[in-house]
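> Here the sequence shown is numbered in the working numbering, starting from 1 and rising by one per residue. Ideal Cβ positions, reconstructed from N, Cα and C, are used throughout, including at glycine. The structure's right below; bear with me while I get my questions together.
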Amino acid sequence: MSLGAVMRRRLWRAAFACSGGLAVEGPPPGGPCVVVANHCSHADTAALLAALPARLRPSVAAAADYWFAGRARALVCRTLVSGFPVRRGGGGSRDLAAAVHLLRQGRVLVVYPEGTRSRDGRVGDFHRGAARLAEAAGVPIVPVLLEGTGRVLPVHGRLSRAPVTVRFLPPVPDLETAHHLLRSQQLPKGEIS
Numbered sequence: 001m002s003l004g005a006v007m008r009r010r011l012w013r014a015a016f017a018c019s020g021g022l023a024v025e026g027p028p029p030g031g032p033c034v035v036v037a038n039h040c041s042h043a044d045t046a047a048l049l050a051a052l053p054a055r056l057r058p059s060v061a062a063a064a065d066y067w068f069a070g071r072a073r074a075l076v077c078r079t080l081v082s083g084f085p086v087r088r089g090g091g092g093s094r095d096l097a098a099a100v101h102l103l104r105q106g107r108v109l110v111v112y113p114e115g116t117r118s119r120d121g122r123v124g125d126f127h128r129g130a131a132r133l134a135e136a137a138g139v140p141i142v143p144v145l146l147e148g149t150g151r152v153l154p155v156h157g158r159l160s161r162a163p164v165t166v167r168f169l170p171p172v173p174d175l176e177t178a179h180h181l182l183r184s185q186q187l188p189k190g191e192i193s
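Laid out in structure tokens, this is it:
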């Protein structure tokens with residue numbers, strides 16, 4: 001187990017204890033996998049890292065054009081969420097393919113297959129990179145539904161208090177099934193999760 005993963009989990013659990021609470025539903029993954037989650041807030045990653053087992057040393061695919069645009073932001077991303085850069089404007093599949101070795105080390109990788117945060121809480125279309133990554137490493141895809149993060153930290157909004165739920169769904173063999181499960185469990189249209 002990595003000290004960094006343990007410290008990140010403790011940090012984010014403490015942050016959610018102060019900001020409205022964190023509930024975890026369903027069994028978290030027990031081994032290497034690609035976690036795919038809905039994405040509507042920068043708080044999503046913190047919630048996932050608070051909920052995932054530290055022994056699996058979770059790492060997060062982060063938008064290279066935003067989180068790795070400068071040295072300071074890249075340092076924050078690597079330190080606080082174990083982020084690695086993935087290009088959104090071409091080349092992202094190669095970036096994800098380069099992360100296969102992390103899965104083979106027994107780690108969990110978090111990917112937001114929508115590629116950007118939802119503005120209305122609805123799960124958008126998925127890009128295929130997460131599926132290719134899981135297939136290349138021979139690991140399952142674990143869909144995770146995040147609720148409440150959009151109220152804690154809305155896109156272009158201010159931090160506020162709200163309860164957050166991280167719901168682990170059963171592992172699935174493909175991205176289409178993960179997409180269907182997340183869409184079927186999301187909040188009604190227009191409600192920010």
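If you draw a straight line from the C-alpha of Gly38 to the C-alpha of Ala97, how long is it?
Reading off the sequence, residue 38 comes out as Asn, not Gly. Near 21 Å, if we compare the C-alpha coordinates of Ala97 and Asn38.
> Quick one: Cα of Lys189 to Cα of Gly83, how far?
Confidence is the limiting factor: at Lys189 the pLDDT is only 48, short of 50, which leaves the residue's position unreliable, though a coordinate-based value still follows. Spanning the two alpha carbons is a distance of roughly 30 Å.
> If you run the structure through DSSP and keep just helix, strand and coil, what is Leu96?
Leu96 falls in the helix class under three-state DSSP.
> If you draw a straight line from the C-alpha of Ala72 to the C-alpha of Thr79, how long is it?
About 11 Å.
> Go through its chain and collect everything with a Cβ distance to Trp12's Cβ below 6 Å, but skip five positions before and after it.
Closer than 6 Å at the Cβ level, and outside the excluded window around Trp12, lie Ala46, Leu49, Ala50.
> Rounded to whole angstroms, what's the CA-CA distance from Asp120 to Gln185? Just pull it up for me.
Near 15 Å, if we compare the C-alpha coordinates of Gln185 and Asp120.
> Please say whether Val60 and Val81 have beta carbons closer to each other than 7 Å?
Yes, Cβ-Cβ distance for Val81 and Val60 is below 7 Å.
> Hey, quick one: how far does the beta strand (DSSP E) through Glu135 stretch, first residue to last?
It is not in any beta strand (DSSP E) - Glu135 instead sits in the alpha helix (DSSP H) that spans 129-137.
> Exposed or buried, Pro170, counting other C-beta atoms within 10 Å across all chains shown (16 or more means buried)?
Classification of Pro170: exposed, given that the 10 Å Cβ count is below 16.
> Among the residues of its own chain, which have a CB less than 8 Å from the CB of Leu159, if the five just before and after it don't count?
The answer, listed in chain order, is Ser19, Val152, Leu153.
> Rounding to the nearest angstrom, what Cα-Cα distance links Gly10 and Pro163 in this structure?
This sequence places Arg at residue 10; Gly is not what is there. The straight-line gap from Cα to Cα measures roughly 17 Å.
> If you draw a straight line from the alpha carbon of Asp174 to that of Thr116, how long is it in whole angstroms?
The alpha-carbon atoms of Asp174 and Thr116 are separated by roughly 20 Å.
> Can you tell me whether DSSP reads Phe16 as helix, strand or coil?
Of the three classes helix, strand and coil, the one that applies to Phe16 here is helix, per DSSP.
> For the putative contact between Val35 and Val144, defined by C-beta atoms under 8 Å, what is the C-beta separation to the nearest angstrom?
Their Cβ separation, rounded to whole angstroms, is 5 Å, which keeps Val35 and Val144 in contact under 8 Å.
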